[in-house]
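Basically my numbering = 1-based index in the sequence shown + 66. Even for Gly, the Cβ is constructed at its ideal location relative to N, Cα and C.
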Amino acid sequence: MNLQALKSDLRRRALVARQSAHEAAPDAGERLVEHFPFELVTPGSVVSAYWPLPGEMDPRPLMAALEARGACLALPVVIGAGHPLEFREWRSGDPLQRRAFGLMEPRENAPQLVPDILLVPLLAIDPDGNRLGFGKGYYDRTLAGLRACGAPVAVGLAYEAQWVAAVPVDEFDQPLDWVVTEGRRVRSSATPNPPSDNSWSSRPDAR
Ligand SMILES: Nc1nc2c(c(=O)[nH]1)N(C=O)[C@@H](CNc1ccc(C(=O)N[C@@H](CCC(=O)O)C(=O)O)cc1)CN2
Ligand SMILES: Nc1ncnc2c1ncn2[C@@H]1O[C@H](COP(=O)(O)OP(=O)(O)OP(=O)(O)O)[C@@H](O)[C@H]1O
């Protein structure tokens with residue numbers, strides 16, 4: 067099987083696993099707040115989130131906690147196939163516009179922001195930080211662009227049920243720096259100041 071076929075096959079299975087995890091624990095997003103590495107955030111940090119599609123880990127409780135700590139929130143805007151995502155400011159209570167596929171985006175005149183930290187939705191994640199997404203490469207393009215001129219922190223949000231042994235990767239795939247689930251946080255060895263054992267590791271949840 068070629069790489070794209072491997073990815074499509076895993077995508078199908080990962081959607082089913084994510085959907086059952088979501089149905090079993092629709093409020094699991096509230097647990098993310100217990101595990102998120104808030105030490106990454108300072109007042110004024112720009113944090114991009116996402117408005118959840120059905121079955122996705124719900125980042126909204128975490129968004130509220132981040133806003134309360136002085137972070138500026140932004141949500142992704144799809145410009146078009148082959149383009150990186152843009153991010154526009156969104157404050158709690160601001161209106162959203164419904165787009166194709168049920169995507170909810172900030173209004174067009176909301177200021178464009180460049181995220182310091184990205185909360186990234188995903189279908190499957192592996193122990194090396196490799197992420198399987200929707201299959202359009204939007205986050206891969208976006209992270210590649212941001213990483214070319216800075217050091218954004220990419221934090222995947224997922225159910226524990228979304229871990230797989232290995233996500234098939236191509237040359238464009240951008241690994242995540244952290245993954246936060248309803249049960250723990252996991253940090254990638256590729257980020258600065260890696261854990262001493264130099265591997266992905268669960269860390270104590272001291273805040
Ligand atoms: N909540 C949430 N927001 C998000 C994402 C996400 O995964 N979750 N994205 C993560 O990337 C971006 C949007 N991703 C998209 C992914 C696919 C299609 C899309 O065109 N889907 C069609 C396929 C059409 C085709 O194949 O030609 C479809 O599903 O029918 C659009 C946007 C930004 N916002
Ligand atoms: N920076 C890039 N430049 C050109 N093509 C890219 C780039 N990033 C990704 N692609 C292409 O986009 C397509 C979709 O990528 P992939 O299957 O890895 O998506 P994904 O990571 O699962 O989805 P997403 O990032 O949208 O959530 C692939 O054909 C990939 O090669």
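* Answer yes if the segment 241-248 comes into contact with the segment 100-110, meaning at least three C-beta pairs across the two stretches below 8 angstroms, and no otherwise. => yes
* Three-pair Cβ contact test at 8 angstroms for the segment 173-189 versus the segment 142-154 -> yes
* Looking at the structure shown, is Pro172 part of a helix, part of a strand, or coil, going by DSSP? -> strand
* Enumerate in chain order the residues of its own chain whose CB-to-CB distance from Asn259 is below 7 angstroms, with the five nearest sequence positions on each side excluded. => Note that Asn259 scores a pLDDT of 47, beneath 50, so its modelled location is shaky; the value from the coordinates is reported in the next line. Here the set comprises nothing.
* Going by Cα to Cα distance, which pick from Glu237, Pro181, Asp236 and Pro234 is closest to Cys215? -> Pro181
* How should Pro241 be labelled, buried or exposed, when 16 other C-beta atoms within 10 angstroms of its C-beta is the threshold for buried? -> buried
* Which residues in the same chain have their Cβ closer than 7 angstroms to the Cβ of Pro161, if we skip the five residues on either side of it in sequence? -> Arg173
* Rounded separation between Ser262 and Ser254 - CA only -> With a pLDDT of 45 at Ser262, under the threshold of 50, the predicted position of this residue should be treated as unreliable, though the coordinate-derived value follows. In a straight line, the C-alpha of Ser262 is about 12 angstroms away from that of Ser254.
* **C-beta atoms of Ala115 and Pro125 nearer than 7 angstroms** => yes
* Test item, CB below 6 angstroms from any non-hydrogen atom of ligand 1 -> Tyr116, Trp117, Pro118, Leu119, Glu122, Pro142, Val144, Leu151, Phe167, Leu169, Pro187, Gly199, Phe200, Lys202, Tyr204 and Tyr205
* **Classification of Arg79 by the beta-carbon crowding that lies within 10 angstroms, buried from 16 upward** => exposed
* To do: Examine ligand 2 and report whether any of its heavy atoms sits within less than 6 angstroms of the Cβ of Asp124.
  => no
* Asked: For Ala190, does the count of other Cβ atoms within 10 angstroms reach 16, so buried, or fall short, so exposed?
  -> buried
* **Asp239 versus Glu226 - alpha carbon distance** => 21 angstroms
* Please name the residue in Arg97, Gly195, Leu119 and Ala131 whose C-alpha comes closest to that of Val113. => Ala131
* For Ala231 and Gly201, the rounded distance between their alpha carbons -> 19 angstroms
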